[in-house]
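Each remark here refers to the structure printed beneath this line.
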Amino acid sequence: VNLLKVQGQYLRFIIDNNTELDILEHIERCEECRSGILEAVKNDNPQPDYGSLFQREFDDKKIPQYKDYKKPEDFIDARIQWRKKILKELVKNAEMELMDIETRLES
Numbered sequence: 001v002n003l004l005k006v007q008g009q010y011l012r013f014i015i016d017n018n019t020e021l022d023i024l025e026h027i028e029r030c031e032e033c034r035s036g037i038l039e040a041v042k043n044d045n046p047q048p049d050y051g052s053l054f055q056r057e058f059d060d061k062k063i064p065q066y067k068d069y070k071k072p073e074d075f076i077d078a079r080i081q082w083r084k085k086i087l088k089e090l091v092k093n094a095e096m097e098l099m100d101i102e103t104r105l106e107s
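At position 67 of the sequence shown (counting the first as 1) the number is 67 in the working numbering, and the numbers step up by one without a gap.
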């Protein structure tokens, strides 16, 4: 039973991360969404819908920093690409773990 619970947790994790990926890909294409984010970035006023993703500065220097970009649009794109890379890696790892769990459930 515990393994089934863990399987469910991995499935939820994968779904949540894929949903976030879908949202980021939508933002890449949607001028209306990008416009709202651009305004928030210019005013240094992050929107609650996106958490801290478009916050201008972080202590972690691995995260794209606003000051390193001449145009706010480039900063937004860099943050989106950075986050997508992380999410894809998380999903890939979770899918491998899920396959292992499913193999164990079959035996």
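Even glycine gets a Cβ: it sits at the ideal position worked out from N, Cα and C.
key: Cβ neighbour criterion (16 or more within 10 Å) applied to residue 80   = Buried, because 16 or more other Cβ atoms sit within 10 Å of the Cβ of residue 80.
ask   = Nearest CA to the CA of residue 72: which residue from 86, 62, 56 and 63?
value = Comparing alpha carbon positions, the residue from 86, 62, 56 and 63 closest to residue 72 is 56.
message = I need the DSSP call for residue 88, collapsed to helix, strand or coil.
response = When secondary structure is reduced to three states using DSSP, residue 88 falls in the helix class.
ask   = Can you round the beta-carbon distance between residue 87 and residue 4 to whole angstroms, since I take them to be within the 8 Å contact cut?
value = Contact annotation, residue 87 with residue 4: C-beta distance approximately 25 Å; criterion of less than 8 Å not satisfied.
message = Across the stretch 89-106 and the stretch 5-14, are there enough close Cβ pairs to call them in contact, namely three or more that are closer than 8 Å?
response = Judged by pairs of C-beta atoms under 8 Å, the stretch 89-106 touches the stretch 5-14, as three or more such pairs exist.
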